[in-house]
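Below is one structure, written out as structure tokens, with a few remarks after it.
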Amino acid sequence: MTPRPPASERLDRGELLSTALAIADTDGLDAVTLRRVAADWSVTPMALYWHFQHKDALLDALVERMLDELELPGDEPDLRTVMTALLRVLRAHPALAEITPIRLMRTDAGLDMGERVVGLLRAEGHSPVAAAQLSVLLLNALIALVIRQPGETAVADPVQRDALLAAKRARLKSLDPQAFPHLTETADFFLGLPDEQEYYERGLTMLLNGVRLS
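FYI, the numbering for the sequence shown is 7 to 220, going by my numbering.
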């Protein structure tokens, strides 16, 4: 009988990443560990070292996996199309958004994205330095849109999040309309997003307008 290969060789890297990504989406990035992924597959953490030598390698791979979800048309997309696609995957995986800048160019998908964005900015007339800097500013701004949107969404604990929102709501609703007419009029918009699409479209438009050469 042919001996059965070890667990490390039986595990599929893509399936392991799907498990890790689901953990990040559900429980946050702190929950993503080799031990947790291994437990979900009923193997020891050592079995994962064939694919990921340490957690840092796993996180790099997760960012690349997220970027692999980018959907771009076959022709040459413009900057808005590329930024819209990137924003879509960041919104789908907000737990990974904050670690994306430092890991982007450790991945092939990130290098491809960087080359595309810098090239589009260069084509608009920006100098190499300006194009590089603007690409970083755009990425960081997209991430801020996702992880800093109204509603305390950055707080993972739902109980703590609800408590913070309740306190914020009470504070805003107690304001004197005579002293704070504009804040009392718009208070609800600081507590959440009645229209997420409008929020992201406005934010993206503001960012793209900011990189245009006058």
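C-beta: ideal position from N, C-alpha, C; glycine also.
Q184 has its alpha-carbon roughly 43 Å from the corresponding atom of V95. Contiguous alpha helix (DSSP H) elements confined to the stretch 125-197 occur at 134-153, 164-179 and 187-191, taking only those with 4 or more residues.
Put simply, of R218, L219, V152 and L189 the residue whose alpha carbon is nearest the alpha carbon of E207 is V152.
In this structure, the alpha-carbon of H60 lies about 17 Å from that of I29.
Residue range E202 to G216 is occupied by the alpha helix (DSSP H) that includes Q203. The beta carbon of L214 sits closer than 8 Å to those of L85, R86 and M89, all from its chain and outside the five residues before and after it, given in chain order. Here DSSP, grouped into helix, strand and coil, assigns L78 to coil.
Taken through DSSP and simplified to helix, strand or coil, W47 comes out as coil.
Rounded to whole angstroms, L22 and V43 show a C-alpha spacing of 7 Å. Of the other Cβ atoms in all chains shown, 16 or more fall within 10 Å of the Cβ of V69; this residue is therefore buried. In the assembly as shown, G34 is an exposed residue. Its beta-carbon has fewer than 16 other beta-carbons within 10 Å.
Contact between L110 and G120 holds, since their C-beta atoms are separated by about 7 Å, short of 8 Å. Counting other Cβ atoms within 10 Å of its Cβ, S141 reaches 16 or more and is therefore classed as buried. Shown here, T90 sits in a helix according to DSSP, grouped into three states.
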